[in-house]
Amino acid sequence: MPEIAEFAEILGRLELSTWELEWQDHAACRGMDTNLWYPERGASRECQLAKAICHDCPVKIQCREYAVSHQEQWGLWGELSLKDRRRWNQERKAG
748 MPEIAEFAEI LGRLELSTWE LEWQDHAACR GMDTNLWYPE RGASRECQLA KAICHDCPVK
808 IQCREYAVSH QEQWGLWGEL SLKDRRRWNQ ERKAG
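If you use the working numbering, the sequence shown closes out at 842, no skipped numbers anywhere.
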């Protein structure tokens, strides 16, 4: 029965996705307005506030790793912009 096999595969991916995102339960930004992490260009005040919240977050590294591995093109993740994440990832691979 291909339907059962397909369902099992989808269920397995869902379980992996849930586990993969479990770190978000411990994020300093949990429950906050996510728009803060997607500031408009030139909105330095909002950007600084978001980075300040991220700075001492216990899952900052997991957040960065998630953004890099999922090729997030927008927003601040783990205190880093897209440009900063690219640099961070290159440094991490190099050293």
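Using N, Cα and C, we set each Cβ at its ideal position, and we do this for glycine too.
query: Would you mind reading off the limits of the alpha helix (DSSP H) that contains residue 816?; result: 807-816
query: Return yes when the Cβ of residue 810 is within less than 8 Å of the Cβ of residue 849, no when it is not.; result: Because the chain spans 748 through 842 in this model, residue 849 falls outside it and cannot be assessed.
query: Among the residues of its own chain, which have a CB less than 7 Å from the CB of residue 832, if the five just before and after it don't count?; result: 811, 814, 815, 824
query: Going straight from the alpha carbon of residue 770 to that of residue 750, what length do you get?; result: 32 Å
query: Mapping the DSSP letters down to three states, classify residue 829 as helix, strand or coil.; result: helix
query: Run the CB neighbour count on residue 797, radius 10 Å, all protein chains shown included, and call it buried at 16 or more, exposed below.; result: buried
query: Check for me: the alpha helix (DSSP H) holding residue 773 runs from which residue to which?; result: Taken as a continuous stretch (DSSP letters only), residue 773 belongs to no alpha helix (DSSP H), as it is neither H nor E.
query: Using alpha carbons as the reference points, say which of 835, 827, 839 lies closest to residue 785.; result: 827
query: In this structure, does DSSP put residue 835 in helix, strand or coil?; result: helix
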